[in-house]
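First up is the structure itself, then whatever we jot down about it.
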Amino acid sequence: TLTTPINAMVVLQTAVAWFLSIGAVLLALTPQTGSTPRRWRIQKVDDETGIMWTGGWGGGESSAFETLVIEMRKLPKGRLGVNLMSGERKVSRVVYKEAFNAGWRVGDEVLEVNGKMLSSNRAVQMAVKKAVSYHTKFGGSLSFKVRRWGVPDGTRGMLRLTSVDGKRDHLVPMIDIIRGVLQDYRVVLFMEGNLTAPKTRLDGQVVRMLDSLGVGFKAMDCSDNKTNPDSRAIAAELSGESVLPQLFVNGSHVAGGRAPRDSLSRVV
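Okay, structure coming up:
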């Protein structure tokens, strides 16, 4: 009969498909060589912004990057409001809150200014100078295409708004930075203590509930006024409640105090 040969062929095809799929997985996990090498990204806190990045293999226009457009209709004091790293197209400081609120972040790599592709620090500086001069004379908006490393990934971790020693290398008000955090991350928890050692029973309960739901979230220690200055007062201002913890989802306040325990399952 033909049954045995057909079954053998099906088994062989299944085995080949299985080996090909395993090979694809191994290839995805293996560092690549060539013109666009992949780099392993580890979890760390950026010293400039305090924003925590977490990631894996990525290079070029892979999922490790996000390309976005920043539009600025008004310039703070006639300036762009950001500084570039020496010899690079990357942003080293976000100096003014207007630039931060427009969407600029430390580490952004400038690719285009008003639709013109740029390949060097010098080219970016010249293009920005020309665009700012034109804007000053005739008005209009400025458009910047940037590539951002470390796309917020929804993993579990702590946020820090300043460097480890509490230094601030920017003039952006903390409330604007926190508003940016709420835009960048889907679930943010303002609490006392850290994820390993919450300082109150309520904080611990909310953390455990988020973990039990499998929800990736970022938390901020509002009791550490050195690294997160004014965060407790800002959380109270944005939520309308003075008690902690406070939970935000998709940029909106969800609940605070005991209430997050009752509302978590409905919103995340």
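Residue numbers for the sequence shown follow the numbering used here, so the first one is 332 and each next one is one higher. Backbone N, C-alpha and C define an ideal beta-carbon position, used for all residues, glycine too. Since the structure is predicted, the reported quantities are computational estimates derived from the model, not experimental observations.
N-terminal and C-terminal residue of the alpha helix (DSSP H) that residue 511 is part of: Within the sequence shown, the letter at position 180 stands for residue 511. Here the alpha helix (DSSP H) through residue 511 covers 505-515.
Measuring straight from C-alpha to C-alpha, what distance separates residue 528 and residue 535? Here residue 528 refers to the residue found at position 197 of the sequence shown. Here residue 535 refers to the residue found at position 204 of the sequence shown. Roughly 8 Å between the two C-alpha positions.
Does the count of Cβ pairs from the segment 461-478 and the segment 514-525 closer than 8 Å reach three? Between the segment 461-478 and the segment 514-525 there are fewer than three inter-stretch CB-CB distances shorter than 8 Å, so the stretches are not counted as touching.
Put residue 445 into one of helix, strand or coil per three-state DSSP. Position 114 of the sequence shown, counting from 1, holds the residue named residue 445. Coil, per DSSP.
Who does residue 579 pair with in a DSSP beta bridge? Indexing the sequence shown from 1 puts residue 579 at position 248. For residue 579, which the question treats as bridged, DSSP gives the partners 519, 584.
Counted within 10 angstroms of its Cβ, other Cβ atoms place residue 552 as buried (16 or more) or exposed: As a first step, residue 552 is located in the sequence shown; it is residue number 221 there, counting from the start. Buried is the call here.
Would DSSP call residue 374 helix, strand or coil? The residue you call residue 374 lines up with position 43 of the sequence shown. Unreliable positioning characterises residue 374 in this predicted model, as indicated by a pLDDT of 37, which lies under 50. The coordinate reading is nonetheless provided below. DSSP places residue 374 in coil when its eight states are reduced to three.
Give the secondary structure of residue 535 by DSSP, where H, G and I count as helix, E and B as strand, and everything else as coil. The count along the sequence shown starts at 1 and reaches residue 535 at position 204. Helix at residue 535.
Given a cut-off of 8 Å, decide if residue 570 and residue 584 are closer than it, judged by their beta-carbon atoms. Position 253 of the sequence shown, counted from the start, is the residue given in the question as residue 584. Position 239 of the sequence shown, counted from the start, is the residue given in the question as residue 570. Cβ distance < 8 Å, so residue 584 and residue 570 count as in contact.
If residue 533 and residue 576 are in contact, beta carbons under 8 Å, what's the gap, nearest whole angstrom? What you label residue 533 is simply residue 202 of the sequence shown in a count that begins at 1. What you label residue 576 is simply residue 245 of the sequence shown in a count that begins at 1. That pair is a contact at about 6 Å.
DSSP-derived helix/strand/coil call for residue 398: Taking the sequence shown and counting its residues from 1, one reaches residue 398 at position 67. Residue 398 falls in the strand class under three-state DSSP.
From which residue to which residue does the alpha helix (DSSP H) around residue 458 run? Start at 1 with the first residue of the sequence shown, and residue 458 comes out as number 127. 452-469 is the extent of the alpha helix (DSSP H) around residue 458.
In terms of alpha-carbon separation, which member of 418, 546, 473 lies closest to residue 411? Along the sequence shown, read from residue 1 onward, the residue named residue 411 stands at position 80. Between residue 411 and the set 418, 546, 473, the nearest pair of CA atoms involves 473.
Tell me, which residues are paired with residue 478 by DSSP? Here residue 478 refers to the residue found at position 147 of the sequence shown. Residue 478 is bridged to 398, 440.
Residue 569, DSSP secondary structure in three states: For the purposes of this step, residue 569 is taken as residue 238 along the sequence shown, with counting starting at 1. Helix at residue 569.
For residue 398, count neighbouring C-beta atoms within 10 Å of its own C-beta (all shown protein chains included) and say buried if the count is 16 or more, exposed if not. Position 67 of the sequence shown, counted from the start, is the residue given in the question as residue 398. Residue 398 is exposed by the Cβ-count criterion.
Thinking residue 675 and residue 559 are a contact (beta carbons under 8 Å), I'd like their distance in whole angstroms, please. What the structure shows of the chain is the stretch from 332 to 599, and residue 675 is not part of that stretch, so it cannot be assessed.
Tell me where the alpha helix (DSSP H) around residue 433 begins and ends. For the purposes of this step, residue 433 is taken as residue 102 along the sequence shown, with counting starting at 1. Unbroken alpha helix (DSSP H) run through residue 433: 428-433.
Just mark residue 428 as buried or exposed, buried being the case when its beta carbon has 16 or more other beta carbons within 10 Å. Sequence index remark: in the sequence shown, residue 428 carries index 97 (1-based). Label assigned to residue 428: buried.
So, with DSSP's three-state summary, where would you put residue 563? For this step, residue 563 is matched to residue 232 along the sequence shown. Three-state DSSP puts residue 563 in a helix.
Assuming residue 413 and residue 422 form a contact by the criterion Cβ under 8 Å, report the distance between their Cβ atoms to the nearest whole angstrom. Indexing the sequence shown from 1 puts residue 413 at position 82. Indexing the sequence shown from 1 puts residue 422 at position 91. Sure, about 5 Å apart at Cβ, within 8 Å.
With a 10 Å radius around its C-beta and 16 neighbouring C-beta atoms as the bar for buried, classify residue 424 as buried or exposed. The count along the sequence shown starts at 1 and reaches residue 424 at position 93. Result: buried.
In chain order, what residues of the same chain lie with their CB nearer than 7 Å to the CB of residue 485, ignoring the 5 residues before and after it? Residue mapping note: residue 485 aligns to position 154 of the sequence shown, counting from 1. The answer, listed in chain order, is 517, 547.
Within 10 angstroms of its Cβ, does residue 469 collect 16 or more other Cβ (buried), or is it exposed? Position 138 of the sequence shown, counting from 1, holds the residue named residue 469. Here residue 469 is exposed: its Cβ has fewer than 16 other Cβ atoms, across all protein chains shown, within 10 Å.
Opposite residue 488 in the DSSP bridges: which residues? On the sequence shown, residue 488 is found 157 positions in, with the first residue counted as 1. According to DSSP, residue 488 bridges with 549.
Report, in whole angstroms, the separation of the C-beta atoms of residue 440 and residue 420, which I expect to be a contact under 8 Å. One-based indexing of the sequence shown puts residue 440 at position 109. One-based indexing of the sequence shown puts residue 420 at position 89. At roughly 5 Å, the Cβ-Cβ gap stays under 8 Å, so residue 440 and residue 420 are in contact.
For residue 473, list the residues DSSP reports as bridge partners. Translated into positions along the sequence shown, residue 473 becomes position 142. The partner list for residue 473 (beta bridge, DSSP) reads 403.
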